[in-house]
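Here the protein sequences line up with chains A and B, keeping their order.
Numbering of the first sequence is given in the numbering used here, commencing with residue 6 and proceeding in unit increments.
Numbering of the second sequence is given in the numbering used here, commencing with residue 6 and proceeding in unit increments.
Here a beta-carbon is modelled for each residue, glycine too, at the ideal position from N, C-alpha and C.
Okay, so here's the structure we're looking at.
2 protein chains.
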Amino acid sequence: MNRIITIGREFGSGGRELARLIAEITGYAYYDREIISEIAKRTSLSEKYIQNVAEHKPVIPFPIHTGRTFWAVIPDYGQDVQKEQHSIIRELAEKSDCVIVGRGADYILRDSNPYRIFVYSDDEAKLKRCRENSSNDYDKGTELTDKELSRRIEQINTSRADYYEFYTGQEWGMKSNYDLCVNTSKCNDFMKLARAVSSIII
Amino acid sequence: MNRIITIGREFGSGGRELARLIAEITGYAYYDREIISEIAKRTSLSEKYIQNVAEHKPVIPFPIHTGRTFWAVIPDYGQDVQKEQHSIIRELAEKSDCVIVGRGADYILRDSNPYRIFVYSDDEAKLKRCRENSSNDYDKGTELTDKELSRRIEQINTSRADYYEFYTGQEWGMKSNYDLCVNTSKCNDFMKLARAVSSIII
Numbered sequence: 006m007n008r009i010i011t012i013g014r015e016f017g018s019g020g021r022e023l024a025r026l027i028a029e030i031t032g033y034a035y036y037d038r039e040i041i042s043e044i045a046k047r048t049s050l051s052e053k054y055i056q057n058v059a060e061h062k063p064v065i066p067f068p069i070h071t072g073r074t075f076w077a078v079i080p081d082y083g084q085d086v087q088k089e090q091h092s093i094i095r096e097l098a099e100k101s102d103c104v105i106v107g108r109g110a111d112y113i114l115r116d117s118n119p120y121r122i123f124v125y126s127d128d129e130a131k132l133k134r135c136r137e138n139s140s141n142d143y144d145k146g147t148e149l150t151d152k153e154l155s156r157r158i159e160q161i162n163t164s165r166a167d168y169y170e171f172y173t174g175q176e177w178g179m180k181s182n183y184d185l186c187v188n189t190s191k192c193n194d195f196m197k198l199a200r201a202v203s204s205i206i207i
Numbered sequence: 006m007n008r009i010i011t012i013g014r015e016f017g018s019g020g021r022e023l024a025r026l027i028a029e030i031t032g033y034a035y036y037d038r039e040i041i042s043e044i045a046k047r048t049s050l051s052e053k054y055i056q057n058v059a060e061h062k063p064v065i066p067f068p069i070h071t072g073r074t075f076w077a078v079i080p081d082y083g084q085d086v087q088k089e090q091h092s093i094i095r096e097l098a099e100k101s102d103c104v105i106v107g108r109g110a111d112y113i114l115r116d117s118n119p120y121r122i123f124v125y126s127d128d129e130a131k132l133k134r135c136r137e138n139s140s141n142d143y144d145k146g147t148e149l150t151d152k153e154l155s156r157r158i159e160q161i162n163t164s165r166a167d168y169y170e171f172y173t174g175q176e177w178g179m180k181s182n183y184d185l186c187v188n189t190s191k192c193n194d195f196m197k198l199a200r201a202v203s204s205i206i207i
């Protein structure tokens, strides 16, 4: 059976960076947004749409009242995208040793005994990290105040928690669901941390 | 400033073993029950009494009703023991690099920037570990059924949580209070784990 590392991570904690480094050190395949591209190929839906659907729990529709009550009929590919995502994650895990970031992979692959890591940090560290990471999609330059950016970070993490809980029935980030929980708040050497974590696994 | 590692641990998770190995690998001083002996020296109270007082939150006395209401007057050294424990932990941290097990040391030494580890495992792993560890005080041979032993393990951990929360105002084992949370449920090589954890710190 292949060795699988799943990495759940709070937005702003540097979990993705840690995951990449662990993949680099272990020589394992690395999957993150690659999964979205693969779903796009298989479904002919746009990556942007898939990204949205694959990372958010479905919104329960309510009837709209405008004098009369009516329901808008919008095609919903959410279930298809989720099914594809699950299939792809299982296929990737069967293909080779790998590191999979997010997407409830720890739960989807629970029968394959993955090494489950959760990466987190305190609010101040998340804010600092987002400010420093100028390539970050969520922080449009310096146009957001600290308060606004903190709120945005919190929203993204709430959304991740909602998604995880909706599809797994488990609490996101609850330490009993992971083999290792890593707080990066004080970490100033991700390579050192990644080496140490890798040495637990391989 | 000395480097300090604090290790909180669920009873039955192997936290003490991990702590000992980390101290061995890093060459740091190791403090666990040594703290109790030191309090005994300073207070001339028995180690058994100190162990009880130093690891449990105080019991709030209620009046006893036997026709008339009365209060038993029992000398309470709980506060003294706690004060001594805090002083000793601070002294030890000032003396040299060290590993301190339990006793809310992560909180007591919060201004000294300790590396805070929490060690835990699932109930089944805790039970197995307690059964295998025949020298364990809490498992009197095989006289306890699995159910009884599990209940005993849970009681000890509840007592640790109560103690921690009483003296720190923080939730015991909540991952945001630690730098690293290690689940030992699947671990079959504590030395490897200890080496990896040590390499994060030193």
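Best match in the options for proximity to residue i [C-alpha to C-alpha]
i, options, result
"S51 (chain B)", "B:Y82, B:E176, B:R21, B:E129", "B:Y82"
"A130 (chain A)", "A:Q90, A:S101, A:Q175, A:S190", "A:S190"
"G107 (chain A)", "A:T48, A:R200, A:D37, A:Y125", "A:D37"
"C186 (chain B)", "B:D194, B:L198, B:L26", "B:L198"
"E176 (chain A)", "A:M6, A:G109, A:I27", "A:G109"
"I10 (chain A)", "A:T48, A:E43, A:C103", "A:C103"
"Y172 (chain B)", "B:K46, B:L23, B:H91", "B:H91"
"K100 (chain A)", "A:E148, A:N7, A:F123", "A:N7"
"K53 (chain B)", "B:V86, B:I30, B:A28, B:R121", "B:V86"
"S117 (chain B)", "B:E22, B:D127, B:L23, B:L97", "B:L97"
"N182 (chain A)", "A:L132, A:F123, A:E148", "A:F123"
"I93 (chain A)", "A:D127, A:A45, A:D128, A:G32", "A:A45"
Inter-residue Cα distance where the pair is residue i and residue j
i, j, result
"Q56 (chain B)", "I41 (chain B)", "6 angstroms"
"V58 (chain A)", "Y169 (chain A)", "13 angstroms"
"K152 (chain B)", "Q160 (chain B)", "12 angstroms"
"L114 (chain A)", "I12 (chain A)", "12 angstroms"
"D184 (chain A)", "I205 (chain A)", "11 angstroms"
"Y112 (chain A)", "K62 (chain B)", "38 angstroms"
"D178 (chain B)", "R200 (chain B)", "Per the sequence shown, residue 178 (chain B) should be read as Gly rather than Asp. Approximately 22 angstroms between the Cα atoms of the pair."
"D144 (chain B)", "S18 (chain B)", "A caution first: D144 (chain B) carries a pLDDT of 46, below 50, which makes its placement in the model unreliable, though a value can still be read off. The straight-line gap from Cα to Cα measures roughly 14 angstroms."
"T48 (chain A)", "C135 (chain A)", "33 angstroms"
"E60 (chain A)", "N193 (chain A)", "29 angstroms"
"Y35 (chain B)", "A34 (chain A)", "40 angstroms"
"I30 (chain B)", "E29 (chain A)", "26 angstroms"
"I158 (chain A)", "E137 (chain A)", "14 angstroms"
"K133 (chain A)", "A24 (chain B)", "32 angstroms"
"E39 (chain B)", "N162 (chain B)", "21 angstroms"
"R121 (chain A)", "I105 (chain A)", "10 angstroms"
"R95 (chain B)", "P119 (chain B)", "12 angstroms"
CB contact check: residue i to chain B, cutoff 8 angstroms
i, result
"L198 (chain A)", "yes"
"I9 (chain A)", "no"
"S18 (chain A)", "no"
Residue-level contact to chain A via CB, residue i, 8 angstroms cutoff
i, result
"S155 (chain B)", "no"
"K131 (chain B)", "no"
"D127 (chain B)", "yes"
Local Cβ density within 10 Å of residue i, reported as buried at 16 or more and exposed below that
i, result
"K88 (chain A)", "exposed"
"R165 (chain B)", "buried"
"K265 (chain B)", "Only positions 6 to 207 of chain B appear in the structure, and residue 265 (chain B) is not among them; the question remains open."
"E15 (chain A)", "buried"
"S207 (chain B)", "The amino acid at residue 207 (chain B) is misidentified as Ser; the sequence shows Ile. With fewer than 16 other Cβ atoms within 10 Å, it is exposed."
"T150 (chain B)", "exposed"
"E43 (chain B)", "buried"
"Y156 (chain A)", "A small fix is needed here, since residue 156 (chain A) is Arg in this sequence, not Tyr. Exposed, because fewer than 16 other Cβ atoms sit within 10 Å of the Cβ of R156 (chain A)."
"N188 (chain A)", "buried"
"G20 (chain B)", "buried"
One or two residues paired with residue i in a DSSP bridge
i, result
"A166 (chain A)", "Partner(s): none; A166 (chain A) has no beta bridge."
"A34 (chain B)", "B:C103"
"C186 (chain A)", "A:F123, B:C186"
"G13 (chain B)", "B:F123"
Going along the chain, which residues of the region 178 to 207 of chain B sit with their C-beta nearer than 8 angstroms to a C-beta in chain C? Considering every chain present, this structure includes no chain C. Its protein chains are A and B.
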